[in-house]
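Q:
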């Protein structure tokens with residue numbers, strides 16, 4: 232019997248997005264940024280992360296993303312050898328070296344591993360990484376114009392008694408199942424429900440409904456999104472009422488406008504939920520107003536941290 | 232302002248376990264087996280896997296592990312370019328090239344990714360990998376002799392309405408939280424509960440209690456483990472009653488013997504659950520009997536698939 236040879240290095244046959252990553256003191260092309268198959272961040276999804284976007288050469292509300300990331304680390308008993316200001320420098324370098332004026336930037340920490348493959352998480356060395364890739368959005372330009380078509384799936388979002396949703400995490404099999412359910416119904420993305428059958432969130436986004444001129448968004452078991460929080464801030468400014476609590480599918484479908492929020496895309500209009508249409512094929516007035524103000528906020532130093540780029544990029 | 236340089240390749244500062252991996256037609260040293268940081272199998276834990284062990288140069292019940300793995304692929308809408316016999320060849324090669332007579336062998340498939348970082352899982356190219364590392368056990372030799380000390384955590388196992396537990400998956404943050412709860416209580420590992428407060432499972436294992444001479448094991452929301460199933464087979468042979476259904480913490484603590492089951496360790500005795508002790512510091516008679524028969528099964532061609540090793544390893 233003949234046996235295959237052991238290759239002395241791996242030849243990667245795939246194409247990867249452009250971008251710059253940071254690992255263990257090194258800045259790398261995105262295609263070189265890899266995690267060991269044995270890292271518990273992969274094998275047990277034992278990891279936390281946060282994503283911030285860069286728009287027009289500035290981070291948007293970076294402080295809030297750092298708050299959430301460092302809080303998640305603590306809740307997971309993880310430590311990294313960098314403080315907030317060092318993480319900020321690393322993220323800034325990733326963006327500066329990429330040259331992107333608009334970028335999607337992620338910081339993450341995995342449980343890591345140990346040389347003897349110990350199953351005890353206390354014996355693992357935690358690993359911090361970061362990367363900047365071109366800005367991406369949940370909704371493409373066409374969907375931004377006409378609104379997303381969403382289907383409600385009966386998949387239940389992983390409940391807080393199982394995984395604390397304030398720890399931003401990679402447990403997405405529920406959301407992915409919801410997506411496939413939505414695709415089967417001819418929709419473009421999904422909302423999944425909480426343990427009581429109320430609307431929770433979608434793959435990477437929170438949801439708002441405008442009902443009788445006031446905004447409503449789910450609270451139980453959802454990620455406390457930074458874009459969601461920014462909508463709260465804007466509502467205060469606009470003197471719009473916003474309530475946080477249970478949103479049933481019927482209540483959502485009975486609203487005047489529906490939009491979703493994410494660091495990847497901002498404020499994104501919804502045109503249909505299941506077979507209920509909103510706004511005659513274009514975003515509603517409140518959605519549009521909030522979206523406009525959201526992007527105006529990106530110009531203000533209170534919320535935007537400008538990045539210095541190399542002059543030769 | 233000066234900027235850091237971009238490294239043309241990554242210098243990995245960590246030590247990894249020994250072993251052999253397979254990726255994209257290549258057999259690799261374990262330290263070279265890596266996943267892109269952008270793979271949805273990492274960023275969304277959108278992946279399934281199975282682990283089989285090799286004992287005395289033979290796979291144990293490989294057919295059942297392959298059944299579960301291929302069923303999981305189908306449920307997740309994933310495809311791999313290999314059939315059962317080709318996956319068997321790959322796993323066999325990983326073990327043969329490692330030279331291990333006792334090994335922990337994993338096959339896995341991630342959603343993969345796409346060159347444009349598309350968030351649509353249908354646009355990703357799924358990626359199959361496999362690896363063989365030295366045999367590992369949930370319980371170390373000392374714990375095997377005296378029994379594991381377990382604490383029950385009130386963390387709720389991710390429910391089936393969120394993630395189908397028959398799809399073997401990497402969503403472990405609930406189990407990891409349970410582990411840290413157990414460590415805080417001075418225990419060595421954890422059992423977490425189901426949505427009704429009954430016992431579910433622990434990190435990587437199912438649990439059995441012997442009560443009035445009959446065996447009981449949880450059913451709702453647990454992984455249908457192959458070792459668990461092997462215990463059912465042995466109970467039939469031994470004419471022992473085994474019932475599958477709700478196991479309350481009180482019922483578990485009221486039993487004569489408790490043991491856990493996993494591909495990583497087989498049949499492992501439990502000495503304490505919270506502050507309740509079992510069996511006077513040594514494994515109970517039924518646990519011992521099942522454990523002995525379990526390892527005897529490894530010698531029979533009905534359950535063991537012998538591996539041919541290179542003669543020069």
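Residue numbers (my numbering), protein chains in the order written: chain A, 232 to 544; chain B, 232 to 544. Beta carbons are placed, not taken as given, at the ideal position from N, Cα and C, and that holds for glycine.
Taking one C-beta from the segment 487 to 506 of chain A and one from the segment 368 to 383 of chain A each time, how about it: are there three or more such pairs within less than 8 angstroms?
A: The answer is yes - the segment 368 to 383 of chain A touches the segment 487 to 506 of chain A, with three or more Cβ pairs under 8 angstroms.
Q: Could you confirm whether any beta carbon from chain A is found closer than 7 angstroms to the beta carbon of residue 411 of chain B?
A: Against the second chain, residue 411 of chain B aligns to sequence position 180. By this cut-off, residue 411 of chain B is an interface position.
Q: If residue 349 of chain B and residue 264 of chain A are in contact, beta carbons under 8 angstroms, what's the gap, nearest whole angstrom?
A: Taking the first residue of the second chain as position 1, residue 349 of chain B is located at position 118. Taking the first residue of the first chain as position 1, residue 264 of chain A is located at position 33. In fact, because the Cβ distance is near 18 angstroms, the residues do not count as touching under 8 angstroms.
Q: To be precise: take each residue of the segment 491 to 512 of chain A, compare its Cβ to all Cβ atoms of chain B, and keep it if any distance is under 9 angstroms. Which residues remain?
A: Here the close residues are 495.
Q: Mind checking residue 352 of chain B: buried by the 16 CB within 10 Å criterion, or exposed?
A: Position 121 of the second chain holds residue 352 of chain B. When all chains shown are included, residue 352 of chain B counts as buried.
Q: Just to confirm before moving on: does the CB-CB distance between residue 440 of chain A and residue 483 of chain A stay below 7 angstroms?
A: For this step, residue 440 of chain A is matched to residue 209 along the first chain. For this step, residue 483 of chain A is matched to residue 252 along the first chain. Yes, the pair counts as a contact, with Cβ atoms nearer than the cut-off.
Q: What is the residue span of the beta strand (DSSP E) that residue 365 of chain B lies within?
A: The residue you call residue 365 of chain B lines up with position 134 of the second chain. From DSSP, the beta strand (DSSP E) with residue 365 of chain B extends over 356 to 365.
Q: For residue 286 of chain A, which residues of its own chain have a beta-carbon under 6 angstroms away from its beta-carbon, when the five flanking residues on both sides are left out?
A: To locate residue 286 of chain A, count along the first chain from 1; it is residue 55. For residue 286 of chain A, where only same-chain residues beyond five positions count, the Cβ hits under 6 angstroms are 333 and 529.
Q: If I follow the unbroken alpha helix (DSSP H) through residue 402 of chain A, where does it start and stop?
A: Numbered from its first residue, the first chain carries residue 402 of chain A at position 171. Taken as a continuous stretch (DSSP letters only), residue 402 of chain A belongs to no alpha helix (DSSP H), as it is neither H nor E.
Q: Could you tell me whether any Cβ in chain A is nearer than 7 angstroms to the Cβ of residue 545 of chain B?
A: Lying outside 232 to 544, the shown extent of chain B, residue 545 of chain B is not represented and no answer is given.
Q: If we define contact as Cβ-Cβ less than 7 angstroms, is residue 321 of chain B a contact residue for chain A?
A: Taking the first residue of the second chain as position 1, residue 321 of chain B is located at position 90. Residue 321 of chain B does not count as touching chain A.
Q: From the DSSP output, in three-state form, read off residue 257 of chain B for me.
A: Taking the second chain and counting its residues from 1, one reaches residue 257 of chain B at position 26. Looking at residue 257 of chain B - three-state DSSP - the assignment turns out to be strand.
Q: By the criterion of Cβ-Cβ separation under 7 angstroms, what are the contact partners of residue 539 of chain B in chain A?
A: Counting from 1 along the second chain, the entry for residue 539 of chain B is found at position 308. In chain order: 232.
Q: So with CB distances below 7 angstroms, who are the chain B contacts of residue 402 of chain A?
A: Translated into the one-based positions of the first chain, residue 402 of chain A becomes position 171. Neighbours of residue 402 of chain A on chain B, chain order: 276, 402 and 404.
Q: Should residue 443 of chain A be labelled buried (16 or more other beta-carbon atoms within 10 Å of its own) or exposed?
A: Numbered from its first residue, the first chain carries residue 443 of chain A at position 212. Exposed is the call here.
Q: The segment 259 to 276 of chain B: which residues have C-beta closer than 9 angstroms to a C-beta of chain A, in chain order?
A: If the cut-off is 9 angstroms between Cβ atoms, the segment 259 to 276 of chain B has 259, 260, 261, 262, 263, 264, 265, 266, 267, 268, 269, 270, 271, 272, 273, 274, 275 and 276 near chain A.
Q: Identify the continuous alpha helix (DSSP H) that holds residue 524 of chain B and give its terminal residues.
A: Locating residue 524 of chain B in the second chain gives position 293, counting from the first residue. Per DSSP, residue 524 of chain B belongs to the alpha helix (DSSP H) from 516 to 528.
Q: Can you tell me whether DSSP reads residue 265 of chain B as helix, strand or coil?
A: Counted from its first residue, the second chain places residue 265 of chain B at position 34. Strand, per DSSP.
Q: Smallest Cα separation from residue 455 of chain A: which of A:436, A:376 and A:473?
A: Working through the first chain from its first residue, we reach residue 455 of chain A at position 224. With distances taken between Cα atoms, residue 455 of chain A lies closest to A:436.
Q: Can you name, in chain order, every residue of its own chain whose Cβ lies under 8 angstroms from the Cβ of residue 248 of chain A, other than the five neighbours on each side?
A: Taking the first chain and counting its residues from 1, one reaches residue 248 of chain A at position 17. So the qualifying residues of the chain are 261, 364 and 365.
Q: Which of the three DSSP states is assigned to residue 339 of chain A in this structure?
A: Working through the first chain from its first residue, we reach residue 339 of chain A at position 108. Strand at residue 339 of chain A.
Q: Let me see if you follow: with CB-CB separation under 7 angstroms, is residue 290 of chain A close to chain B or not?
A: Numbered from 1 along the first chain, position 59 holds the residue referred to as residue 290 of chain A. Not an interface residue.
Q: Distance check for residue 294 of chain B and residue 354 of chain A, CA to CA, integer angstroms please.
A: In the first chain, counting from the first residue as 1, residue 354 of chain A sits at position 123. In the second chain, counting from the first residue as 1, residue 294 of chain B sits at position 63. The alpha-carbon atoms of residue 354 of chain A and residue 294 of chain B are separated by roughly 34 angstroms.
Q: To the nearest angstrom, how far is the alpha carbon of residue 544 of chain A from that of residue 538 of chain A?
A: By one-based count along the first chain, residue 544 of chain A stands at place 313. By one-based count along the first chain, residue 538 of chain A stands at place 307. Confidence at residue 544 of chain A is low in this model, with a pLDDT of 49, below 50, so its placement is unreliable and no value can be given for it.
Q: Under 6 angstroms Cβ to Cβ from residue 315 of chain B, same chain only, skipping five residues before and after it: list those, please.
A: In the second chain, the residue the question calls residue 315 of chain B occupies position 84. Correct list, in chain order: 297.
Q: State the start and end residues of the unbroken beta strand (DSSP E) segment that holds residue 503 of chain A.
A: By one-based count along the first chain, residue 503 of chain A stands at place 272. 497 to 504 is the span of the beta strand (DSSP E), which, as asked, contains residue 503 of chain A.
Q: Along the chain, where does the alpha helix (DSSP H) that runs through residue 318 of chain A open and close?
A: Here residue 318 of chain A refers to the residue found at position 87 when the first chain is read from its first residue. Per DSSP, residue 318 of chain A belongs to the alpha helix (DSSP H) from 315 to 329.
Q: Would you tell me roughly how many angstroms separate the C-alpha atoms of residue 511 of chain A and residue 380 of chain A, rounded to the nearest one?
A: Residue numbering aside, residue 511 of chain A sits at position 280 when the first chain is read from its first letter. Residue numbering aside, residue 380 of chain A sits at position 149 when the first chain is read from its first letter. Approximately 13 angstroms, taken between the alpha carbons.
Q: For residue 542 of chain A, which of helix, strand or coil comes out of DSSP?
A: Numbered from 1 along the first chain, position 311 holds the residue referred to as residue 542 of chain A. Of the three classes helix, strand and coil, the one that applies to residue 542 of chain A here is coil, per DSSP.
Q: Under a CB-based cut-off of 7 angstroms, is residue 313 of chain B close to chain A?
A: As a working mapping, residue 313 of chain B is identified with position 82 in the second chain. Taking Cβ atoms only, chain A never reaches closer than 7 angstroms to residue 313 of chain B, which makes this a no.
Q: Confirm, please, whether the CB-CB distance from residue 322 of chain A to residue 361 of chain A is below 7 angstroms.
A: Counted from its first residue, the first chain places residue 361 of chain A at position 130. Counted from its first residue, the first chain places residue 322 of chain A at position 91. The answer is yes: Cβ separation under 7 angstroms.
Q: Can you give the Cα-Cα distance for residue 283 of chain A and residue 271 of chain A, rounded to whole angstroms?
A: For the purposes of this step, residue 283 of chain A is taken as the residue at position 52 of the first chain. For the purposes of this step, residue 271 of chain A is taken as the residue at position 40 of the first chain. Rounded to whole angstroms, residue 283 of chain A to residue 271 of chain A spans 24 angstroms at the Cα level.
Q: May I have the straight-line CA-CA distance separating residue 421 of chain A from residue 359 of chain B, to the nearest angstrom?
A: Counting from 1 along the first chain, the entry for residue 421 of chain A is found at position 190. Counting from 1 along the second chain, the entry for residue 359 of chain B is found at position 128. Their backbone Cα atoms lie some 27 angstroms apart in a straight line.
Q: Compare the Cα-Cα distances from residue 344 of chain A to each of A:389, A:274, A:374 and A:390 and report the closest residue.
A: Along the first chain, read from residue 1 onward, the residue named residue 344 of chain A stands at position 113. If we check each option's Cα against that of residue 344 of chain A, A:274 comes out closest.
Q: Look at the Cβ atom of residue 498 of chain A, then the Cβ atom of residue 521 of chain A, and state whether they are nearer than 7 angstroms.
A: On the first chain, residue 498 of chain A is found 267 positions in, with the first residue counted as 1. On the first chain, residue 521 of chain A is found 290 positions in, with the first residue counted as 1. The answer is yes: Cβ separation under 7 angstroms.
Q: Checking contacts by CB at 7 angstroms: is residue 374 of chain A closer than that to chain B?
A: Against the first chain, residue 374 of chain A aligns to sequence position 143. Answer no: the Cβ-Cβ gap between residue 374 of chain A and chain B never drops below 7 angstroms.
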